[in-house]
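Residue numbers for the sequence shown follow the numbering used here, beginning at -18 and rising by one.
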Amino acid sequence: MNSSLPGASQLTEASVELSVNSPFSNPAISFSVCSQDNLGWFKLHPLEEQAMGEAVSPKRRKDFHVGRAAARCALEKVGFPVVTPVLRGEHREPLWPVGIVGSISHSSGVGVAAVAWQQDVPAIGVDIQLIEERYTDELIARFADPDEFDWVRSEPSRRTERAVKLFSAKESVFKALYPLRKVWFAFDVAHLTPNETEDSFRASVRLPAVSSSIIELDVGISYYGGNIITGALLTQPLPSIGR
(Lines of atoms letter the chains of each structure in order from A and count residues from 1; the text may use other names and numbers.)
(Lines give C-alpha, C1' and ligand atoms only; values in the text may rest on other atoms or scores of the structure.)
Protein backbone atom coordinates (compact mmCIF):
# COMPACT_ATOMS: atom_id res chain seq x y z
CA MET A 1 0.00 0.00 0.00
CA ASN A 2 1.36 3.42 -0.95
CA SER A 3 1.09 5.58 2.19
CA SER A 4 2.24 8.63 0.23
CA LEU A 5 -1.09 8.88 -1.56
CA PRO A 6 -3.55 11.50 -0.23
CA GLY A 7 -5.63 9.99 2.55
CA ALA A 8 -3.74 6.69 2.51
CA SER A 9 -2.93 4.81 5.72
CA GLN A 10 -1.40 1.61 7.00
CA LEU A 11 -4.67 -0.03 8.06
CA THR A 12 -3.36 -3.51 8.72
CA GLU A 13 -0.23 -2.40 10.54
CA ALA A 14 -2.15 0.02 12.72
CA SER A 15 -4.71 -2.64 13.75
CA VAL A 16 -7.37 0.05 13.69
CA GLU A 17 -10.43 -2.13 13.44
CA LEU A 18 -12.22 -3.32 16.54
CA SER A 19 -13.19 -6.97 16.85
CA VAL A 20 -16.98 -6.86 16.75
CA ASN A 21 -19.47 -9.42 15.51
CA SER A 22 -21.19 -8.34 12.34
CA PRO A 23 -24.98 -7.93 12.36
CA PHE A 24 -24.93 -9.36 8.81
CA SER A 25 -24.81 -13.09 8.12
CA ASN A 26 -24.20 -12.59 4.39
CA PRO A 27 -20.45 -13.08 3.75
CA ALA A 28 -20.58 -10.70 0.76
CA ILE A 29 -21.01 -7.77 3.18
CA SER A 30 -17.88 -6.16 4.60
CA PHE A 31 -18.49 -4.79 8.11
CA SER A 32 -16.02 -2.57 10.00
CA VAL A 33 -15.93 -0.80 13.35
CA CYS A 34 -13.45 1.93 14.36
CA SER A 35 -13.00 3.89 17.59
CA GLN A 36 -12.28 7.57 17.94
CA ASP A 37 -9.61 6.62 20.49
CA ASN A 38 -7.50 4.87 17.85
CA LEU A 39 -7.54 7.18 14.84
CA GLY A 40 -4.07 8.70 14.92
CA TRP A 41 -3.34 6.76 11.72
CA PHE A 42 -6.26 8.14 9.73
CA LYS A 43 -6.61 11.21 7.53
CA LEU A 44 -9.65 12.14 5.51
CA HIS A 45 -9.29 12.24 1.75
CA PRO A 46 -9.05 15.89 0.59
CA LEU A 47 -12.43 15.57 -1.14
CA GLU A 48 -13.96 14.28 2.10
CA GLU A 49 -12.55 17.29 3.94
CA GLN A 50 -14.15 19.51 1.32
CA ALA A 51 -17.47 17.67 1.57
CA MET A 52 -17.54 18.06 5.35
CA GLY A 53 -16.95 21.79 5.13
CA GLU A 54 -15.56 24.13 7.75
CA ALA A 55 -18.76 25.33 9.44
CA VAL A 56 -19.37 22.16 11.44
CA SER A 57 -19.27 21.56 15.18
CA PRO A 58 -16.39 19.63 16.76
CA LYS A 59 -18.80 16.76 17.49
CA ARG A 60 -19.97 16.51 13.87
CA ARG A 61 -16.37 16.66 12.72
CA LYS A 62 -15.42 13.77 15.03
CA ASP A 63 -18.47 11.75 13.95
CA PHE A 64 -17.66 12.28 10.28
CA HIS A 65 -14.03 11.35 10.90
CA VAL A 66 -14.70 8.05 12.70
CA GLY A 67 -17.47 7.10 10.27
CA ARG A 68 -15.22 7.62 7.26
CA ALA A 69 -12.46 5.63 8.95
CA ALA A 70 -14.82 2.67 9.28
CA ALA A 71 -15.94 3.16 5.68
CA ARG A 72 -12.33 3.19 4.47
CA CYS A 73 -11.64 -0.10 6.26
CA ALA A 74 -14.78 -1.70 4.85
CA LEU A 75 -14.00 -0.55 1.31
CA GLU A 76 -10.49 -1.89 1.54
CA LYS A 77 -11.80 -5.33 2.48
CA VAL A 78 -13.96 -5.53 -0.66
CA GLY A 79 -11.07 -4.50 -2.88
CA PHE A 80 -11.41 -0.73 -3.28
CA PRO A 81 -8.28 1.43 -2.93
CA VAL A 82 -7.96 2.87 0.56
CA VAL A 83 -7.78 6.39 -0.91
CA THR A 84 -11.29 6.20 -2.41
CA PRO A 85 -13.31 9.10 -0.91
CA VAL A 86 -16.84 8.65 0.43
CA LEU A 87 -18.62 11.94 -0.13
CA ARG A 88 -22.14 12.83 1.00
CA GLY A 89 -25.47 13.72 -0.55
CA GLU A 90 -28.12 16.35 0.06
CA HIS A 91 -29.27 14.73 3.31
CA ARG A 92 -25.74 13.82 4.47
CA GLU A 93 -26.12 10.26 3.19
CA PRO A 94 -22.84 8.67 2.10
CA LEU A 95 -22.14 8.60 -1.64
CA TRP A 96 -20.35 5.37 -2.47
CA PRO A 97 -18.07 4.57 -5.40
CA VAL A 98 -19.79 3.21 -8.51
CA GLY A 99 -20.71 -0.44 -8.04
CA ILE A 100 -20.80 -0.26 -4.23
CA VAL A 101 -23.73 -0.15 -1.79
CA GLY A 102 -23.14 0.74 1.82
CA SER A 103 -24.04 2.54 5.01
CA ILE A 104 -22.32 4.41 7.88
CA SER A 105 -23.32 5.16 11.46
CA HIS A 106 -21.67 6.45 14.64
CA SER A 107 -22.33 6.63 18.38
CA SER A 108 -20.27 7.60 21.42
CA GLY A 109 -16.99 7.85 19.51
CA VAL A 110 -17.51 4.60 17.59
CA GLY A 111 -18.02 4.47 13.82
CA VAL A 112 -19.49 1.51 11.95
CA ALA A 113 -19.73 0.88 8.23
CA ALA A 114 -20.96 -1.89 5.96
CA VAL A 115 -20.34 -2.18 2.22
CA ALA A 116 -20.84 -4.72 -0.55
CA TRP A 117 -20.66 -4.96 -4.31
CA GLN A 118 -24.01 -3.99 -5.79
CA GLN A 119 -23.98 -7.06 -8.02
CA ASP A 120 -24.02 -9.22 -4.86
CA VAL A 121 -26.34 -7.25 -2.57
CA PRO A 122 -29.13 -4.83 -3.64
CA ALA A 123 -29.06 -2.61 -0.53
CA ILE A 124 -27.80 -2.51 3.05
CA GLY A 125 -28.20 -0.20 6.01
CA VAL A 126 -26.32 -0.11 9.32
CA ASP A 127 -26.95 1.75 12.56
CA ILE A 128 -25.44 1.97 16.05
CA GLN A 129 -27.28 3.27 19.11
CA LEU A 130 -26.25 3.64 22.75
CA ILE A 131 -28.34 1.62 25.19
CA GLU A 132 -29.64 4.36 27.47
CA GLU A 133 -32.66 5.02 29.66
CA ARG A 134 -34.24 7.74 27.57
CA TYR A 135 -36.97 5.73 25.87
CA THR A 136 -40.21 6.94 27.44
CA ASP A 137 -43.54 5.55 26.28
CA GLU A 138 -44.12 8.79 24.40
CA LEU A 139 -40.85 8.44 22.53
CA ILE A 140 -41.38 4.75 21.73
CA ALA A 141 -44.84 5.51 20.32
CA ARG A 142 -43.21 7.84 17.78
CA PHE A 143 -41.43 4.98 16.01
CA ALA A 144 -43.35 1.84 17.07
CA ASP A 145 -46.70 0.63 15.76
CA PRO A 146 -49.18 -0.84 18.32
CA ASP A 147 -47.84 -4.40 18.02
CA GLU A 148 -44.22 -3.26 18.30
CA PHE A 149 -45.12 -0.99 21.23
CA ASP A 150 -46.72 -3.91 23.10
CA TRP A 151 -43.67 -6.10 22.42
CA VAL A 152 -41.26 -3.48 23.78
CA ARG A 153 -43.27 -3.03 26.99
CA SER A 154 -44.33 -6.65 27.56
CA GLU A 155 -41.19 -7.54 29.55
CA PRO A 156 -40.11 -4.66 31.84
CA SER A 157 -36.59 -5.99 32.42
CA ARG A 158 -35.88 -5.89 28.66
CA ARG A 159 -37.88 -2.77 27.82
CA THR A 160 -34.94 -0.41 27.21
CA GLU A 161 -32.93 -2.94 25.21
CA ARG A 162 -35.96 -3.79 23.07
CA ALA A 163 -36.72 -0.12 22.45
CA VAL A 164 -33.15 0.53 21.31
CA LYS A 165 -33.16 -2.57 19.10
CA LEU A 166 -36.40 -1.52 17.45
CA PHE A 167 -35.37 2.10 16.89
CA SER A 168 -31.96 1.13 15.53
CA ALA A 169 -33.46 -1.53 13.27
CA LYS A 170 -35.83 1.01 11.74
CA GLU A 171 -32.92 3.40 11.21
CA SER A 172 -31.11 0.60 9.36
CA VAL A 173 -34.13 -0.11 7.20
CA PHE A 174 -34.40 3.56 6.25
CA LYS A 175 -30.69 3.75 5.44
CA ALA A 176 -30.97 0.69 3.21
CA LEU A 177 -34.00 1.87 1.23
CA TYR A 178 -33.59 5.64 0.97
CA PRO A 179 -30.65 5.62 -1.49
CA LEU A 180 -32.56 3.42 -3.95
CA ARG A 181 -35.30 5.93 -4.81
CA LYS A 182 -34.42 9.00 -2.68
CA VAL A 183 -37.86 8.75 -1.06
CA TRP A 184 -38.11 10.02 2.53
CA PHE A 185 -40.43 7.95 4.73
CA ALA A 186 -41.53 7.78 8.36
CA PHE A 187 -40.83 4.78 10.56
CA ASP A 188 -44.51 3.84 10.77
CA VAL A 189 -44.41 2.36 7.24
CA ALA A 190 -42.05 -0.37 8.46
CA HIS A 191 -43.33 -3.20 10.66
CA LEU A 192 -40.67 -5.29 12.42
CA THR A 193 -41.17 -8.79 13.79
CA PRO A 194 -38.48 -10.16 16.15
CA ASN A 195 -37.40 -13.77 15.96
CA GLU A 196 -37.68 -16.01 19.02
CA THR A 197 -34.19 -15.26 20.34
CA GLU A 198 -34.55 -11.53 19.63
CA ASP A 199 -31.25 -11.38 17.74
CA SER A 200 -32.86 -10.37 14.45
CA PHE A 201 -35.99 -8.87 12.91
CA ARG A 202 -37.98 -9.37 9.75
CA ALA A 203 -38.99 -6.01 8.34
CA SER A 204 -42.03 -5.48 6.11
CA VAL A 205 -42.25 -2.05 4.51
CA ARG A 206 -45.28 -0.59 2.72
CA LEU A 207 -44.04 2.23 0.53
CA PRO A 208 -46.21 2.78 -2.58
CA ALA A 209 -43.94 5.56 -3.84
CA VAL A 210 -41.12 3.01 -4.06
CA SER A 211 -42.75 -0.35 -4.74
CA SER A 212 -46.19 -1.74 -5.52
CA SER A 213 -45.37 -4.74 -3.31
CA ILE A 214 -44.43 -5.08 0.33
CA ILE A 215 -40.65 -4.74 0.68
CA GLU A 216 -39.03 -7.37 2.89
CA LEU A 217 -35.68 -6.97 4.67
CA ASP A 218 -33.68 -9.01 7.17
CA VAL A 219 -32.28 -7.07 10.13
CA GLY A 220 -29.50 -8.58 12.27
CA ILE A 221 -28.32 -7.39 15.68
CA SER A 222 -24.94 -7.27 17.42
CA TYR A 223 -23.47 -5.47 20.43
CA TYR A 224 -20.41 -3.40 21.25
CA GLY A 225 -19.45 -1.37 24.33
CA GLY A 226 -22.94 -0.55 25.58
CA ASN A 227 -24.23 -0.05 22.04
CA ILE A 228 -26.58 -2.01 19.84
CA ILE A 229 -25.65 -2.37 16.18
CA THR A 230 -28.23 -3.35 13.58
CA GLY A 231 -27.80 -4.24 9.93
CA ALA A 232 -30.65 -4.27 7.40
CA LEU A 233 -30.31 -6.31 4.23
CA LEU A 234 -32.55 -6.16 1.17
CA THR A 235 -32.23 -9.64 -0.27
CA GLN A 236 -34.02 -9.00 -3.59
CA PRO A 237 -34.03 -5.95 -5.91
CA LEU A 238 -37.05 -3.72 -5.50
CA PRO A 239 -40.08 -4.67 -7.63
CA SER A 240 -41.08 -2.13 -10.23
CA ILE A 241 -43.28 0.75 -9.13
CA GLY A 242 -46.96 0.20 -9.82
CA ARG A 243 -48.63 2.46 -12.36
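All C-beta atoms, glycine included, are put in the ideal place defined by N, C-alpha and C.
Nothing here was measured: the structure is a model prediction, and the numbers come from that model.
Proximity winner among the options, relative to residue i (alpha-carbon distances)
i: alanine 97; options: Ser13, Ala50, Pro27; result: Ser13
i: isoleucine 195; options: Ile210, His172, Arg162; result: His172
i: arginine 73; options: Ala95, Arg41, Glu57, Val93; result: Arg41
i: aspartate 118; options: Trp132, Val107, Val1, Val186; result: Trp132
i: lysine 58; options: Leu120, Phe168, Gly34, Ala94; result: Ala94
i: arginine 123; options: Ala144, Pro75, Gly201, Val186; result: Ala144
i: phenylalanine 45; options: Thr178, Leu56, Tyr159, Arg69; result: Arg69
i: isoleucine 109; options: Leu120, Ala125, Glu142; result: Glu142
i: asparagine 7; options: Leu158, Leu198, Thr65, Gln17; result: Leu198
i: threonine 65; options: Thr216, Pro175, Asn176, Leu25; result: Leu25
i: methionine 33; options: Val67, Arg134, Thr178; result: Val67
i: glutamine 17; options: Ser89, Thr178, Pro4, Glu177; result: Ser89
i: leucine 214; options: Thr178, Tyr159, Glu177, Asn208; result: Tyr159
i: valine 47; options: Glu30, Ile209, Ser138; result: Glu30
i: threonine 216; options: Gln99, Leu(-1), Pro39; result: Gln99
i: alanine 9; options: Cys15, Glu129, Ile105, Glu177; result: Ile105
i: histidine 87; options: Leu(-1), Cys15, Thr178; result: Cys15
Residue i, buried or exposed, once every other Cβ within 10 Å from all chains shown has been counted against 16
i: tryptophan 77; result: buried
i: lysine 156; result: buried
i: serine 11; result: buried
i: glutamate 136; result: exposed
i: alanine 167; result: exposed
i: threonine 211; result: buried
i: leucine 120; result: exposed
i: glycine 201; result: buried
i: serine 3; result: buried
i: proline 127; result: exposed
i: valine 37; result: exposed
i: glycine 60; result: exposed
i: glutamate 35; result: exposed
i: glutamate 71; result: exposed
i: serine 193; result: exposed
For residue i: DSSP bridge partner residues
i: tryptophan 98; result: Ile81
i: glutamine 110; result: Ile209
i: glutamate -2; result: Cys15
i: tyrosine 204; result: Ile209
i: threonine 174; result: Arg183
i: alanine 104; result: Leu215
i: aspartate 199; result: Arg183, Leu214
i: glycine 92; result: Cys15, His87
i: proline 75; result: Arg69
Sequence-distant residues of its chain with Cβ nearer than 7 Å to residue i (five each side left out)
i: glycine 206; result: Val91
i: proline 218; result: Pro103
i: alanine 125; result: Val133, Leu147
i: arginine 139; result: none
i: valine 154; result: Gly106, Ala171, Ala184, Val186, Leu198, Val200, Ala213
Close Cβ partners of residue i (< 6 Å) along its chain, the five nearest in sequence each way excluded
i: valine 191; result: Arg162, Val164
i: proline 175; result: Phe182
i: threonine 178; result: none
Cβ-based neighbour list, residue i, same chain, cut-off 8 Å, excluding 5 preceding and 5 following
i: valine 170; result: Val186, Arg187, Leu188
i: leucine 28; result: Pro66, Leu68
For the structure I just gave you, are there three or more beta carbon pairs, one from the region 49 to 61 and one from the region 75 to 89, closer than 8 Å?
Segment contact: the region 49 to 61 against the region 75 to 89, three or more CB-CB distances shorter than 8 Å; contact assigned.
Does the pairing of the region 178 to 188 with the region 146 to 158 give three or more beta-carbon distances under 8 Å?
yes
For the structure I just gave you, are there three or more beta carbon pairs, one from the region 21 to 28 and one from the region 102 to 120, closer than 8 Å?
no
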